[in-house]
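A.B. asks: So that you can map any letter, position 215 of the sequence shown is 215 in the UniProt record's numbering, and since no number is skipped, the others follow by simple counting.
Ideal Cβ placement from N, Cα and C applies to all residues, glycine included.
The structure presented is a predicted model; accordingly, all values stated were derived computationally and were not measured.
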Amino acid sequence: MNTATIEDLAYLINQAKQENLPKPIVFLGAGASKSGGVPLAAEITKDILIKYADKPNIKNLEESDKTYPTLMSCLTPFERNKLLKQYIEEAKINVTHIYLAQLIINGYVDYVLTVNFDNLMLRALALFNEFPPTYDMAILKDLTTTSFKEKSVVYLHGQHHGLWLLNTKEEMAKVNEMIPPILSSIKNQRVWIFLGYSGEDPIFQHITKLGRFDNGLYWISYNQNNPCDRVCTNLLQKDNTNAFLIKGYDSDSFMLQLNSELKLPQPAIIDTPFTSLSLTLENIVDIEDKEHFKGVKERLEIVKKDVQLAIQQFEKGEMVENRALKESIDKNLLQKEIIDEIINKNFNQTKIENIEKKSEPLKDPEIKKLLAKYYLTWASEISQKATSQNNKDLFKESFDKFSKASKLDPKNYQTFNNWAAALYDNFKIDDNNELYNEGILNCKKAAKLDDSQSDAYINWAFFLSQKAKNKNDEKLYHESIEKISLAYEREPDSQLCLIFWADNLCEIAKITKDRKFYLESLEKYEEAYILDHTNPTLFANWADTLFHFGKNDNDDKLFYESFEKFKISQSLAPKSHEIHGKWGFALAEYSKLRNKPELLEESLKLLNTAVNLGGKSYNLACLYALLNDKVNSLALLDKSLKNKDVLLSHVKNDSDWELHKDDYEFQQIISKYE
Numbered sequence: 001m002n003t004a005t006i007e008d009l010a011y012l013i014n015q016a017k018q019e020n021l022p023k024p025i026v027f028l029g030a031g032a033s034k035s036g037g038v039p040l041a042a043e044i045t046k047d048i049l050i051k052y053a054d055k056p057n058i059k060n061l062e063e064s065d066k067t068y069p070t071l072m073s074c075l076t077p078f079e080r081n082k083l084l085k086q087y088i089e090e091a092k093i094n095v096t097h098i099y100l101a102q103l104i105i106n107g108y109v110d111y112v113l114t115v116n117f118d119n120l121m122l123r124a125l126a127l128f129n130e131f132p133p134t135y136d137m138a139i140l141k142d143l144t145t146t147s148f149k150e151k152s153v154v155y156l157h158g159q160h161h162g163l164w165l166l167n168t169k170e171e172m173a174k175v176n177e178m179i180p181p182i183l184s185s186i187k188n189q190r191v192w193i194f195l196g197y198s199g200e201d202p203i204f205q206h207i208t209k210l211g212r213f214d215n216g217l218y219w220i221s222y223n224q225n226n227p228c229d230r231v232c233t234n235l236l237q238k239d240n241t242n243a244f245l246i247k248g249y250d251s252d253s254f255m256l257q258l259n260s261e262l263k264l265p266q267p268a269i270i271d272t273p274f275t276s277l278s279l280t281l282e283n284i285v286d287i288e289d290k291e292h293f294k295g296v297k298e299r300l301e302i303v304k305k306d307v308q309l310a311i312q313q314f315e316k317g318e319m320v321e322n323r324a325l326k327e328s329i330d331k332n333l334l335q336k337e338i339i340d341e342i343i344n345k346n347f348n349q350t351k352i353e354n355i356e357k358k359s360e361p362l363k364d365p366e367i368k369k370l371l372a373k374y375y376l377t378w379a380s381e382i383s384q385k386a387t388s389q390n391n392k393d394l395f396k397e398s399f400d401k402f403s404k405a406s407k408l409d410p411k412n413y414q415t416f417n418n419w420a421a422a423l424y425d426n427f428k429i430d431d432n433n434e435l436y437n438e439g440i441l442n443c444k445k446a447a448k449l450d451d452s453q454s455d456a457y458i459n460w461a462f463f464l465s466q467k468a469k470n471k472n473d474e475k476l477y478h479e480s481i482e483k484i485s486l487a488y489e490r491e492p493d494s495q496l497c498l499i500f501w502a503d504n505l506c507e508i509a510k511i512t513k514d515r516k517f518y519l520e521s522l523e524k525y526e527e528a529y530i531l532d533h534t535n536p537t538l539f540a541n542w543a544d545t546l547f548h549f550g551k552n553d554n555d556d557k558l559f560y561e562s563f564e565k566f567k568i569s570q571s572l573a574p575k576s577h578e579i580h581g582k583w584g585f586a587l588a589e590y591s592k593l594r595n596k597p598e599l600l601e602e603s604l605k606l607l608n609t610a611v612n613l614g615g616k617s618y619n620l621a622c623l624y625a626l627l628n629d630k631v632n633s634l635a636l637l638d639k640s641l642k643n644k645d646v647l648l649s650h651v652k653n654d655s656d657w658e659l660h661k662d663d664y665e666f667q668q669i670i671s672k673y674e
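The following block contains the structure:
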């Protein structure tokens with residue numbers, strides 16, 4: 001599965017804009033409207049089962065048949081429209097649609113295709129006085145490509161107020177002939193962006209038949225979750241589609257970040273609402289100066305003057321004599337300034353210190369919280385760079401920023417949790433008790449501030465497990481499991497918790513040689529598999545545990561099961577250096593155990609691939625050492641120690657270096673890093 005970043009996507013969107021190329025297509029699913037109050041299909045299903053519990057054709061359904069399309073088909077068209085109308089009337093315009101509207105208006109997007117029934121996209125555009133061409137596939141017939149205008153909104157399942165809403169399988173079949181030619185006509189030379197879409201409706205099959213997306217298809221999954229198996233198998237993992245997965249965002253945060261990456265200002269309705277209102281008022285025709293219109297004309301003029309005064313006072317901070325009002329406006333302007341800096345990630349010490357000085361006489365707790373958020377966001381950005389570069393100085397700089405954030409807002413859970421996570425990333429490459437103790441302390445503070453969250457317990461477990469690994473300490477692994485179990489109690493659908501739990505059980509099994517821990521570990525991987533069949537990390541770690549279990553029991557069957565899991569993992573993530581590295585290491589170990597030197601060539605290939613993909617060099621160095629290739633092994637060992645990819649204590653105790661431990665050049669490298 002190919003992955004991409006939001007920066008990659010922003011580059012393509014900017015390129016299309018600058019070179020006057022066809023602009024992207026944004027495809028919206030139910031997740032795009034969720035934060036606006038429009039429920040997802042699963043929530044609508046529950047609602048139907050409650051509201052229409054006594055309806056005979058629903059009451060008599062088997063449990064397995066109580067799906068969204070089936071339940072919708074049990075309702076009359078009137079009942080369906082009434083149900084959906086209520087949701088849409090209560091919905092509010094969300095961040096996704098406001099920022100997408102700005103992209104459309106500024107010429108960054110050509111088409112919005114949606115499987116939703118709501119009017120949030122049209123309402124968002126109306127905030128900008130934009131009223132786009134709108135097409136309803138449920139009622140249109142013989143639509144020609146020439147009438148399919150750019151900057152339009154296309155309802156693939158119909159609109160909530162239309163004659164038809166496509167909910168049942170029979171209704172959705174209405175558009176089967178119309179959709180393919182429309183999609184084909186607009187597809188070429190455009191980037192496709194899928195946002196908030198599950199891919200679990202009939203429209204998806206038409207997407208998969210469009211062939212290769214030459215300008216790229218970008219599927220935005222929900223936070224760190226993988227899309228459903230159907231999407232992964234039929235699109236993202238399919239060869240020659242040029243499709244990419246972007247993870248780490250919900251719909252709103254994605255649009256917010258994309259706006260920032262495109263260097264666009266905040267939408268006028270949010271940034272300068274009174275100016276936006278003024279522009280709307282200017283669209284009203286001048287009222288004739290006749291007696292029976294006089295009152296209306298005067299009222300309109302008063303409103304326009306009030307709005308202009310509001311612009312001066314609240315947007316520019318000018319011409320205000322009332323001290324309390326002036327102070328209120330100053331606070332609002334300062335808050336807006338800080339928020340803009342956070343959103344655009346404009347981190348500058350001199351500038352933020354000037355803002356802090358301006359805020360001191362105001363003594364406003366909300367401004368202090370925003371300043372804390374500024375430092376927290378800044379600290380997180382620096383710590384990410386520090387982690388990618390293994391840079392000690394950057395880690396220290398990030399810790400200073402976290403500390404500043406914690407003093408400004410000592411009750412912010414996220415500050416202490418993120419600080420702990422950054423300390424852990426540093427601790428992984430520097431076995432330092434000060435880092436460990438400070439990390440545990442921040443985990444405790446975060447958990448005390450909000451005991452319902454799982455993240456603090458996960459970070460706590462990570463620290464204990466890493467310490468256990470460094471000291472080969474069974475007791476610490478058990479303590480780590482205790483903390484990850486607390487995290488799992490708080491987040492019972494977390495596959496991460498189950499995988500990490502299983503990994504720790506495997507480490508205990510390796511120390512104790514007790515096969516019961518291997519069996520418990522495999523049970524946890526099975527539980528994790530139920531939650532998600534497509535996670536390559538799950539299969540890689542599962543394979544690793546099976547391999548060590550095989551070593552423990554001297555069982556070739558377990559070895560072969562391990563290699564099968566590695567194959568699955570590699571097929572799910574063919575460009576993962578971690579997977580190639582683990583598999584290559586396992587093959588090298590198996591070659592030694594079974595005296596099969598022919599396998600070392602395959603192992604060497606996998607480990608070289610891992611390094612070429614950006615992985616660490618230590619295992620490859622060890623393999624060259626086993627092959628008695630002194631030049632390559634020592635060069636890669638030096639690189640590994642220089643980059644802090646491995647602890648010196650581990651190298652000294654590693655049996656792979658037995659052939660070289662008395663070698664002068666080996667000893668020189670060891671001395672260099674002592």
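Leaving aside the five residues before and after E665 along the sequence, list all residues of the same chain whose C-beta is less than 6 Å from its C-beta, in chain order.
C.D. replies: The residue you call residue 665 lines up with position 665 of the sequence shown. So the qualifying residues of the chain are L634.
A.B. asks: Do M72 and Q237 have their beta-carbon atoms positioned less than 8 Å apart in this structure?
C.D. replies: Counting from one through the sequence shown, the residue named residue 237 turns up at place 237. Counting from one through the sequence shown, the residue named residue 72 turns up at place 72. Not a contact, by the Cβ cut-off of 8 Å.
A.B. asks: Would a C-beta distance cut-off of 8 Å place L103 and V95 closer than the cut-off?
C.D. replies: By one-based count along the sequence shown, residue 103 stands at place 103. By one-based count along the sequence shown, residue 95 stands at place 95. Result no, Cβ atoms of L103 and V95 do not sit closer than 8 Å.
A.B. asks: Select from I342, D340 and P273 the residue whose C-alpha is nearest the C-alpha of F314.
C.D. replies: Walking along the sequence shown from the start, residue 314 turns up at place 314. Nearest of I342, D340 and P273 to F314, Cα basis: P273.
A.B. asks: Express the C-alpha separation of Q86 and V38 in angstroms, rounding to a whole number.
C.D. replies: Taking the first residue of the sequence shown as 1, we reach residue 38 at position 38. Taking the first residue of the sequence shown as 1, we reach residue 86 at position 86. If you take the alpha carbons of V38 and Q86, they lie about 10 Å apart.
A.B. asks: Once the 5 residues before and after A456 are set aside, which same chain residues still bring their CB inside 6 Å of it?
C.D. replies: The residue labelled residue 456 in the question sits at position 456 within the sequence shown. Excluding residues within five positions, the ones whose Cβ falls inside 6 Å are N417, C443, A446 and A447.
A.B. asks: Cβ of K17 within 8 Å of Cβ of G107?
C.D. replies: Taking the first residue of the sequence shown as position 1, residue 17 is located at position 17. Taking the first residue of the sequence shown as position 1, residue 107 is located at position 107. Yes.
A.B. asks: According to DSSP, simplified to helix, strand and coil, what is I481?
C.D. replies: What you label residue 481 is simply residue 481 of the sequence shown in a count that begins at 1. Residue state, collapsed to three classes: helix.
A.B. asks: For N20 and R190, what's the separation of their Cα atoms in angstroms?
C.D. replies: Along the sequence shown, one-based indexing puts residue 20 at 20. Along the sequence shown, one-based indexing puts residue 190 at 190. Using only the alpha carbons, I get a separation of about 12 Å.
A.B. asks: Restricting to runs no shorter than 4 residues, where is the alpha helix (DSSP H) found entirely within the region 36–96?
C.D. replies: 41–51, 56–59, 68–74 and 77–90, all fully within the region 36–96.
A.B. asks: Just to confirm, are V611 and L623 a CB contact at a threshold of 8 Å?
C.D. replies: Within the sequence shown, the letter at position 611 stands for residue 611. Within the sequence shown, the letter at position 623 stands for residue 623. In this structure, L623 does not lie closer than 8 Å to V611 by Cβ.
A.B. asks: To test your reading of the DSSP string, which unbroken alpha helix (DSSP H) runs of 4 or more residues are found completely within the region 190–257?
C.D. replies: Those alpha helix (DSSP H) runs which fall completely within the region 190–257 and span 4+ residues are 203–208.
A.B. asks: Measuring CB to CB, does I44 end up less than 8 Å from Y68?
C.D. replies: In the sequence shown, residue 44 corresponds to position 44, counting from 1. In the sequence shown, residue 68 corresponds to position 68, counting from 1. For I44 and Y68, yes; Cβs fall inside 8 Å.
A.B. asks: Name the residue from L546, A528 and Q15 whose alpha carbon lies nearest to the alpha carbon of Y518.
C.D. replies: Against the sequence shown, residue 518 aligns to sequence position 518. Among L546, A528 and Q15, the Cα nearest to that of Y518 is on L546.
A.B. asks: Can you tell me the Cβ-Cβ gap for A502 and A528, rounded? I've got them flagged as a contact below 8 Å.
C.D. replies: The residue given as residue 502 occupies position 502 in the sequence shown. The residue given as residue 528 occupies position 528 in the sequence shown. Between A528 and A502 the Cβ distance is about 7 Å, and since that is below 8 Å, they are a contact.
A.B. asks: Candidates K263, Q266 and L300: which alpha carbon is nearest E280's?
C.D. replies: Within the sequence shown, residue 280 is the residue found at index 280, counting from 1. It is worth fixing the name first, because residue 280 is Thr in this sequence and not Glu. Measuring from the Cα of T280, the nearest candidate turns out to be L300.
A.B. asks: Thinking C-beta only, is F500 closer than 8 Å to I484?
C.D. replies: Counted from its first residue, the sequence shown places residue 484 at position 484. Counted from its first residue, the sequence shown places residue 500 at position 500. Cβ atoms of I484 and F500: closer than 8 Å.
A.B. asks: Can you tell which of L626, S671 and K644 has its C-alpha closest to the C-alpha of H660?
C.D. replies: Within the sequence shown, the letter at position 660 stands for residue 660. Selected option, being the one with the closest Cα: L626.
A.B. asks: Cβ of E397 within 8 Å of Cβ of L362?
C.D. replies: In the sequence shown, counting from the first residue as 1, residue 397 sits at position 397. In the sequence shown, counting from the first residue as 1, residue 362 sits at position 362. Going by C-beta atoms, E397 is not nearer than 8 Å to L362.
A.B. asks: Using the C-alpha atoms, what's the distance from Y218 back to I50?
C.D. replies: Counted from its first residue, the sequence shown places residue 50 at position 50. Counted from its first residue, the sequence shown places residue 218 at position 218. About 37 Å.
A.B. asks: For D136, which three-state DSSP category applies?
C.D. replies: Residue 136 sits at position 136 when you count from the first residue of the sequence shown. Looking at D136 - three-state DSSP - the assignment turns out to be strand.
A.B. asks: Residues in its own chain within less than 8 Å of D654 by CB, not counting five upstream and five downstream?
C.D. replies: Taking the sequence shown and counting its residues from 1, the one referred to as residue 654 is at position 654. So the qualifying residues of the chain are C622.
A.B. asks: Anyone know if the C-beta pair for L587 and L572 falls short of 8 Å?
C.D. replies: What you label residue 587 is simply residue 587 of the sequence shown in a count that begins at 1. What you label residue 572 is simply residue 572 of the sequence shown in a count that begins at 1. Contact flag unset, no.
A.B. asks: Looking only at its own chain, which residues have a Cβ that is under 6 Å from the Cβ of L420, when we skip the five neighbours before and after it?
C.D. replies: Start at 1 with the first residue of the sequence shown, and residue 420 comes out as number 420. A small correction: the amino acid at residue 420 is Ala; Leu does not occupy that position in the sequence shown. G439, N442, C443 and N459, listed in sequence order.
A.B. asks: Are the CB atoms of I203 and S260 within a distance shorter than 8 Å?
C.D. replies: Here residue 260 is taken as the residue at index 260 of the sequence shown, counted from 1. Here residue 203 is taken as the residue at index 203 of the sequence shown, counted from 1. No; because the gap between Cβ atoms is not below 8 Å, this pair is not in contact.
A.B. asks: Rounded C-beta distance between W542 and Y525? I'm assuming under 8 Å.
C.D. replies: The residue given as residue 542 occupies position 542 in the sequence shown. The residue given as residue 525 occupies position 525 in the sequence shown. 4 Å between Cβ atoms; contact.
A.B. asks: Rounding to the nearest angstrom, what Cα-Cα distance links N98 and F27 in this structure?
C.D. replies: Taking the sequence shown and counting its residues from 1, one reaches residue 98 at position 98. Taking the sequence shown and counting its residues from 1, one reaches residue 27 at position 27. The question names Asn, yet the displayed sequence has Ile at residue 98. One C-alpha to the other measures close to 15 Å.
A.B. asks: Looking only at its chain, what residues have a beta carbon closer than 7 Å to the beta carbon of L122, apart from the 5 residues adjacent to it on each side?
C.D. replies: Position 122 of the sequence shown, counted from the first residue, corresponds to residue 122. Result list for L122: T134 and V153, in chain order.
A.B. asks: Less than 8 Å between the CB atoms is what I'm expecting for T5 and I246, so what's the real figure, rounded?
C.D. replies: Within the sequence shown, the letter at position 5 stands for residue 5. Within the sequence shown, the letter at position 246 stands for residue 246. Between I246 and T5 the Cβ distance is about 7 Å, and since that is below 8 Å, they are a contact.
A.B. asks: Can you give me the C-alpha to C-alpha distance between L613 and S576, rounded to a whole angstrom?
C.D. replies: The sequence position of residue 613 within the sequence shown is 613, counting from 1. The sequence position of residue 576 within the sequence shown is 576, counting from 1. Answer to the nearest angstrom: the Cα atoms are 7 Å apart.
A.B. asks: Evaluate residue 678 with the Cβ neighbour count: other Cβ atoms within 10 Å of its Cβ, from every protein chain shown; 16 or more gives buried, anything less gives exposed.
C.D. replies: Since the first residue shown for the chain is 1 and the last is 674, residue 678 is missing from the structure and cannot be characterised.
A.B. asks: First and last residue of the alpha helix (DSSP H) that includes V112?
C.D. replies: Position 112 of the sequence shown holds residue 112. No alpha helix (DSSP H) holds V112; the beta strand (DSSP E) holding it covers Y111 to T114.
A.B. asks: Mapping DSSP to helix, strand and coil, what is residue 707?
C.D. replies: The first residue shown for the chain is 1 and the last is 674, placing residue 707 beyond what the model contains.
A.B. asks: Quick check on E674: does DSSP put it in helix, strand or coil?
C.D. replies: Working through the sequence shown from its first residue, we reach residue 674 at position 674. The answer is coil: DSSP assigns E674 none of H, G, I, E or B.
A.B. asks: Go through its chain and collect everything with a Cβ distance to A101's Cβ below 8 Å, but skip five positions before and after it.
C.D. replies: Taking the first residue of the sequence shown as position 1, residue 101 is located at position 101. Around A101: M121, A124, L125, L127, F128, E130 and P267.
A.B. asks: Please report the residue range of the beta strand (DSSP E) in which V154 lies.
C.D. replies: What you label residue 154 is simply residue 154 of the sequence shown in a count that begins at 1. Note, V154: beta strand (DSSP E), S152 to Y155.
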